[in-house]
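A.B. asks: Counted from 1, the sequence shown has number 207 at position 206 by our numbering; the numbering is strictly sequential. C-beta atoms are modelled at their ideal positions from N, C-alpha and C, and glycine is treated no differently. Take a look at this one; I'll ask things after.
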Amino acid sequence: MNYKSGLLRGGPVVACAGTDYIISVPVRKRVLMKIVIGSVVYYNHCNGVRISDTKLQRFIVPMEVLNKAKKYTVIFSEVISRGAYSCTLGEEQSIDFDFYPVEKTDGINIYHISDTHGIKSAAVNAAKAIGDKLDLLVLNGDISSSSSKENDIFLQYDIAYLITRGEKPCILSRGNHDLRGALAEKLASYLPTVGGKTYYTVTLGSLWIMILDCGEDKLDSHREYSSTVCCHEMRKDETEFIRAVIADKKNEFERAGIKHKLVVSHVPFEYNNTELCRGERPFDIEHEIYGEWCRLIREEIKPELMLCGHFHLTEVWQNGYRDDKNVGVPVIIGGKPENERGRNKKYIGCCVGLNDKNATVTFTDERKRTVNSICIDIKGEGTT
């Protein structure tokens, strides 16, 4: 990406949300920016007023438009002064990007990253192990350890751009640590949502994905939160969302052409986490709500896989292992940070390759080495 000034923090990230892409570009200074696709111009505006006083320029683009065009142009100029009756703008600059939508029906490669907790280069290098084979990037929560400042939130955009270069679609989902810090209450203005909600579905070619958000990992009343969260209410609303998706299944996971169904959730909610912490077991929560989620997923949606993080592991849970609520789906835990406070930070992420009969799960590290590889028969006949 070549441009003449330091106006941009990095480059665009094309995130999936419902039937739209949200193209987000972190910036260092006040700019006016627009996205051009074919002959159509997309603006970041508020009721007709273009937005310049922001560090994240965001544009909502219908998936079908960008999928068809397969390219877009980012055009921007610095806002030197913005007065009531005149403005001074810098030189207009433009950058062209190719875009590769998920069009495959076989051999789809998804790279999953979660729980980097501030690690950047190691996570990027782990994902680059699959090279140009990447079709979809999933950043599944806790990329930073909190949402205390903008740099915490922008880290996921930095990582996503360094991996995709603005050319491949991404899914950005929340983890429990994202709900902590002064900017947590403003996350909907930074991250992809559908109608302001952080749980939604996306259809990418033959791939259908439901993104769920468990919120925090302890009860709302836990002293750690000091009354700043109400995740129980969100989870109740999310139950109704899952039921609504099922009621509309002909337009969702039973649409013509859908071959693969996945669930993405930072927290693997099918597991009763009875871990002892400071003399208590605070993580074993929401049995009724999470049990209902698992029942609906098992009986109605019947996905092939769940992609999760949270436990800082690289494992595949299946055949009833850690499936306390009987979701009945192999669960991939795909993000392992190491030496988080050390100088030589390490990270292991996960590539999921989807074929007609199986999913190949390959864990790769910051040196682009394969740490482990597991083949799951997604038709239920076994694992190698």
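1. In chain order, what residues of the same chain lie with their CB nearer than 7 Å to the CB of F77, ignoring the 5 residues before and after it?
2. Pop quiz: V139 and M211 are said to be a contact at Cβ under 8 Å. What is the actual Cβ separation, rounded to whole angstroms?
3. Is the beta carbon of P27 sitting closer than 7 Å to the one on Y191?
4. For R299, which of H288, P331, V268 has the nearest alpha-carbon?
5. Count the CB pairs spanning the region 226–243 and the region 283–294 that are closer than 8 Å, and state whether there are at least three.
6. Kindly indicate the opening and closing residues of the alpha helix (DSSP H) around F364.
7. Identify which residue in L90, K71, K72 has its Cα closest to the Cα of E79.
8. Taking the Cβ atom as the reference point for each residue, do G19 and A70 lie within a distance shorter than 7 Å?
9. Could you name the residues that DSSP lists as bridge partners for G125?
10. Buried or exposed: E276, going by 16 or more other Cβ atoms within 10 Å of its Cβ?
11. Go ahead and pull the three-state DSSP assignment for I38.
12. Count the other C-beta atoms from every protein chain shown that fall within 10 angstroms of the C-beta of H261, then say buried if there are 16 or more, exposed otherwise.
13. Which first and last residues belong to the beta strand (DSSP E) in which Y73 is found?
14. Counting pairs of beta carbons, one from the region 266–283 and one from the region 357–371, are three or more of them closer than 8 Å?
15. In three-state DSSP terms, what is L213?
16. Taking 8 Å as the limit between beta carbons, can you name the residues of its chain near W209, skipping five residues before and five after?
17. Just verifying my parser: in three-state terms, what is the DSSP assignment at N141?
18. Which class does E339 belong to by DSSP, given the choice of helix, strand or coil?
19. Am I right that K169 and D136 are in contact with their C-beta atoms under 8 Å? What's the rounded C-beta distance?
20. Please report the straight-line C-alpha distance between T55 and G142, rounded to a whole angstrom.
21. Does DSSP put E168 in a helix, in a strand, or in coil?
22. Who are the Cβ neighbours of K105 in its own chain at under 6 Å, not counting the five residues just before and after it?
23. Would E281 be called buried (16 or more neighbouring beta carbons within 10 Å of its own) or exposed?
24. If contacts are defined as beta-carbon pairs under 8 Å, then A124 and K369 qualify, I think. What distance do you get, rounded to the angstrom?
C.D. replies: From the atom records:
1. L8, V32, L33, M34, Q94
2. That belief does not hold up - the Cβ atoms of V139 and M211 are roughly 13 Å apart, past 8 Å.
3. no
4. P331
5. yes
6. From DSSP, F364 is part of no alpha helix (DSSP H) but of the beta strand (DSSP E) over 359–366.
7. L90
8. no
9. The identity of residue 125 in the sequence shown is Val, whereas the question assumes Gly. None; V125 has no bridge partner.
10. exposed
11. strand
12. buried
13. 72–83
14. no
15. strand
16. T202, V203, E253, F254, R256, I259, H261, K262, L263
17. strand
18. strand
19. 7 Å
20. 23 Å
21. coil
22. none
23. exposed
24. Not quite, the Cβ-Cβ distance comes to about 12 Å (not below 8 Å), so this is no contact.
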